[in-house]
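Per the working numbering: the sequence shown = residues 63 to 290.
Think of the CB as a built atom: it goes at the ideal place given N, C-alpha and C, for glycine as much as any other residue.
Some notes on the structure that comes next.
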Amino acid sequence: MRVLVVDDDAQILRAMRINLRARGYDVDIAPDGASALAAAAKHSPDIVLLDLGLPDMEGVEVIEGLRGWTAVPIIVLSARHSSSEKVQALDAGADDYVTKPFGMDELLARLRAAARRAVRVEEAPVVRTPAFTVDLGAKRVSRDDAEVRLTPTEWHILEILVRNAGRLVSQRQLLHDVWGPAYQSETNYLRVYLAQLRRKLEPDPAHPVYLITEAGMGYRFEAGPRTP
63 MRVLVVDDDA QILRAMRINL RARGYDVDIA PDGASALAAA AKHSPDIVLL
113 DLGLPDMEGV EVIEGLRGWT AVPIIVLSAR HSSSEKVQAL DAGADDYVTK
163 PFGMDELLAR LRAAARRAVR VEEAPVVRTP AFTVDLGAKR VSRDDAEVRL
213 TPTEWHILEI LVRNAGRLVS QRQLLHDVWG PAYQSETNYL RVYLAQLRRK
263 LEPDPAHPVY LITEAGMGYR FEAGPRTP
């Protein structure tokens with residue numbers, strides 16, 4: 063697996079390259095946004111680790127540049143702690159956000175999770191959970207061997223979440239993709255439709271295990287129930 067590490071701190075680049083290579087990863091490094099975009103185009107990494115504070119452009123601009131042509135998982139590694147910074151990065155297309163300083167064990171676990179999700183989404187058009195099955199190709203949901211009837215809007219929301227299995231999908235992204243840019247502040251729409259989806263799909267709608275709310279941030283689909 064090839065990892066592209068983007069950071070303007072030479073010591074961090076060196077440490078990441080040593081640690082990741084010792085664990086069997088192929089590693090490319092880039093000290094700024096322009097070289098990161100060039101390296102991604104040349105080497106097609108499997109995962110990008112990206113700092114937000116780069117000398118030539120904001121990390122969010124790199125995310126937007128990558129999202130113009132690739133769905134490669136992007137994990138932000140940043141010393142910025144504010145919720146607004148995290149939301150901006152996730153809205154731009156990042157898949158995960160790790161705050162510096164971080165432990166290498168945690169980072170490796172997030173790398174493995176990102177890799178699993180990327181493979182699952184591409185190779186499994188039929189996504190099965192213990193409670194229901196989503197057939198992305200047929201646009202069909204079944205539960206207990208019976209079809210679950212969803213409205214077009216319910217299906218659109220579920221499809222976006224399932225195609226991003228395990229990843230946080232921000233409220234703004236869902237509103238933009240389902241209703242359009244004029245509705246990006248209408249978060250009440252999402253509460254209503256997620257409640258409807260949970261009533262149709264969750265074993266216990268009051269305690270969802272598949273359609274998860276990340277308070278103030280967005281929603282996440284988990285194919286298997288999370289351990290409390």
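Kindly give me the distance between the Cβ atoms of residue i and residue j, rounded to whole angstroms, as I take these residues to be in contact under 8 Å.
i: arginine 234; j: aspartate 157; result: Between aspartate 157 and arginine 234 the Cβ distance is about 16 Å, and since that is not below 8 Å, they are no contact.
i: leucine 128; j: valine 110; result: 7 Å
i: histidine 218; j: valine 240; result: 5 Å
Please report the distance separating the alpha-carbon of residue i from that of residue j.
i: phenylalanine 194; j: aspartate 207; result: 9 Å
i: isoleucine 80; j: aspartate 90; result: 11 Å
i: threonine 132; j: arginine 142; result: 25 Å
i: arginine 172; j: valine 188; result: 24 Å
i: serine 140; j: aspartate 69; result: 9 Å
i: valine 254; j: isoleucine 136; result: 30 Å
i: proline 192; j: threonine 275; result: 19 Å
i: leucine 212; j: serine 204; result: 10 Å
i: valine 138; j: leucine 263; result: 32 Å
i: leucine 66; j: proline 93; result: 11 Å
i: tyrosine 272; j: alanine 151; result: 24 Å
i: aspartate 108; j: arginine 174; result: 11 Å
i: leucine 256; j: asparagine 250; result: 10 Å
i: glycine 115; j: serine 144; result: 14 Å
i: lysine 201; j: valine 210; result: 11 Å
With distances taken Cα to Cα, identify the nearest neighbour of residue i among the options.
i: alanine 227; options: Ile80, Arg179, Ser146; result: Arg179
i: proline 117; options: Ala98, Glu126, Ala103; result: Ala98
i: leucine 259; options: Tyr245, Tyr87, Pro214; result: Pro214
i: leucine 230; options: Ala96, Ser247, Ala277; result: Ala277
i: serine 106; options: Leu82, Asp88, Tyr159, Val196; result: Asp88
i: alanine 103; options: Arg64, Ala257, Gln73; result: Arg64
i: glutamate 221; options: Ala285, Gln73, Ser247; result: Ala285
i: leucine 252; options: His269, Pro267, Ser232; result: Ser232
i: valine 124; options: Ala268, Gly155, Gly242; result: Gly155
i: serine 247; options: Ala257, Arg225, Gly280; result: Gly280
i: leucine 170; options: Gly86, Arg261, Pro267; result: Gly86
For residue i, count the other beta carbons within 10 Å of its own beta carbon; 16 or more makes it buried, fewer makes it exposed. Which is it?
i: glutamate 216; result: buried
i: phenylalanine 283; result: buried
i: glycine 199; result: exposed
i: alanine 84; result: exposed
i: alanine 100; result: exposed
i: aspartate 113; result: buried
i: glycine 165; result: exposed
i: proline 163; result: exposed
i: proline 270; result: buried
i: alanine 244; result: exposed
i: alanine 176; result: buried
i: glycine 95; result: buried
i: glycine 121; result: buried
How is the alpha helix (DSSP H) around residue i delimited, first residue to last?
i: alanine 77; result: 72-84
i: tyrosine 255; result: 249-263
i: glutamate 126; result: 121-129
i: threonine 132; result: That residue, threonine 132, is in no alpha helix (DSSP H); it is neither H nor E in DSSP.
i: threonine 215; result: 214-225
i: aspartate 153; result: 145-154
i: leucine 99; result: 95-105
Flag residue i as yes when its Cβ comes closer than 7 Å to any non-hydrogen atom of the ligand MG, and as no otherwise.
i: valine 160; result: The model on display carries no ligand, and the ligand MG is accordingly not part of it.
For residue i, decide whether its Cβ has a neighbour in chain D, counting only Cβ atoms nearer than 8 Å.
i: alanine 175; result: No chain D is present in this structure, which holds just one protein chain.
What are the boundary residues of the beta strand (DSSP E) that residue i is part of?
i: aspartate 90; result: 88-92
i: glutamate 284; result: Where glutamate 284 is concerned, there is no enclosing beta strand (DSSP E), given that its DSSP letter is neither H nor E.
i: leucine 236; result: It is not in any beta strand (DSSP E) - leucine 236 instead sits in the alpha helix (DSSP H) that spans 233-240.
i: serine 204; result: 202-205
i: leucine 66; result: 64-68
i: leucine 112; result: 109-112
i: leucine 273; result: 273-276
i: tyrosine 159; result: 158-161
i: aspartate 266; result: First-last for aspartate 266: undefined, no H or E at that position.
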